[in-house]
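Student: Under our numbering, the first residue of the sequence shown is numbered -17, with each subsequent residue one higher. Using N, Cα and C, we set each Cβ at its ideal position, and we do this for glycine too. The structure that follows is given in the form of structure tokens.
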Amino acid sequence: QIARDLHIAISRDNDIQPSEQQTEILYQLIHKQSQDELILRKQGLGPQTAQIISRKLEFQNLNVIDLYNNKIGDAGLPFILKCRPRKLNIGSNRLTNIGMAV
């Protein structure tokens, strides 16, 4: 379920049509990870995807969130911060001083 929701949000963030194949790839990527980590580098995640991550995983006690090289931007950062990970990698995510002031 989460893989499908994330893929739909990624598709919206990138203005592309979702595909079953990409949903399956995302599902495999997520389910190979430990339960206290979310590592989604270079997946095209944007603000809408950040909102889905927050909604679905806010209370999962994630220790690590690694979203390096996506497009979260200033609008998506507050959603990611709601998850309160111990380690957060949001490098190369189109963040400005405005987003970092959150």
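Give the DSSP-derived three-state secondary structure of residue 38 in the structure shown.
Tutor: For the purposes of this step, residue 38 is taken as the residue at position 56 of the sequence shown. Reduced to three states, the DSSP call for residue 38 is helix.
Student: Would the beta-carbon of residue -8 fall within 7 Å of that of residue 31?
Tutor: For the purposes of this step, residue -8 is taken as the residue at position 10 of the sequence shown. For the purposes of this step, residue 31 is taken as the residue at position 49 of the sequence shown. Yes. Within cutoff.
Student: For residue 25, does the count of other Cβ atoms within 10 angstroms reach 16, so buried, or fall short, so exposed?
Tutor: Looking up residue 25 in the sequence shown gives position 43. Classification for residue 25: buried.
Student: Considering Cα atoms alone, identify which of 60, 58 and 65 is closest to residue 47.
Tutor: What you label residue 47 is simply residue 65 of the sequence shown in a count that begins at 1. That would be 65, whose Cα lies nearest to the Cα of residue 47.
Student: Kindly confirm or deny that the stretch 72 to 80 and the stretch 50 to 64 touch, where touching means at least three C-beta pairs closer than 8 Å.
Tutor: yes
Student: CB residue 22 to CB residue 44, shorter than 7 Å?
Tutor: In the sequence shown, residue 22 corresponds to position 40, counting from 1. In the sequence shown, residue 44 corresponds to position 62, counting from 1. Cβ atoms of residue 22 and residue 44: not closer than 7 Å.
Student: Under 7 Å between the Cβ atoms of residue 34 and residue -12?
Tutor: In the sequence shown, the residue the question calls residue 34 occupies position 52. In the sequence shown, the residue the question calls residue -12 occupies position 6. Yes, these two residues count as a Cβ contact at 7 Å.
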